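Encoded as structure tokens, the structure appears first; notes follow it.
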Amino acid sequence: MAVDAEPDEVRHLEGLRLALREVAPEFYVRLHRPWRGRAFLHVNNPVAAGRFAEDITVQPGDKPGETWFMWSWGERITLTSTPELAARAVVRVLAVGDSSGR
């Protein structure tokens, strides 16, 4: 990872953290910036007693300047330009017995 890429990555993850706070204030969300490796957003649904959690990263896309929020299993969530959509997707995946989709 290029040194100058990290600030954008962290900025995008922070945007997703804020969006998650709006749609799921009960979720625990923490930005991790490990000494080595990529920054990631750890999201946990406490209603599920810690069983439903996800680590979300930012990865470059196929086009220049394009970046995506990514699930831990490597699937794309949404472009980083749409953190609100990504937040709703995360809430759907980590929901427990709530089919409302918020």
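Sequential numbering from -1 applies to the sequence shown in my numbering.
All C-beta atoms, glycine included, are put in the ideal place defined by N, C-alpha and C.
The model shown is predicted, which means the values in this text are computed figures rather than measured ones.
Each residue's CA atom was taken as its position, placing histidine 10 and valine 27 some 14 Å apart.
Residue pairing by DSSP places isoleucine 54 opposite Leu39 in a beta bridge.
Note on glycine 72: under 16 other CB atoms within 10 angstroms of its CB, so exposed under the neighbour-count rule. Taking the Cα of glutamine 57 as reference, the smallest distance to any Cα among Glu82, Leu39, Asn43 and Pro23 is reached at Leu39. Counting along the chain, valine 27 sits inside no alpha helix (DSSP H); it lies in the beta strand (DSSP E) bounded by residues 26 to 30. Bridge pairing for threonine 65: Pro58 [DSSP].
Taking arginine 15 as the centre and dropping the five residues before and after it, the same chain places the C-beta of Val27, Leu29 and Leu39 closer than 7 Å to its C-beta, in chain order.
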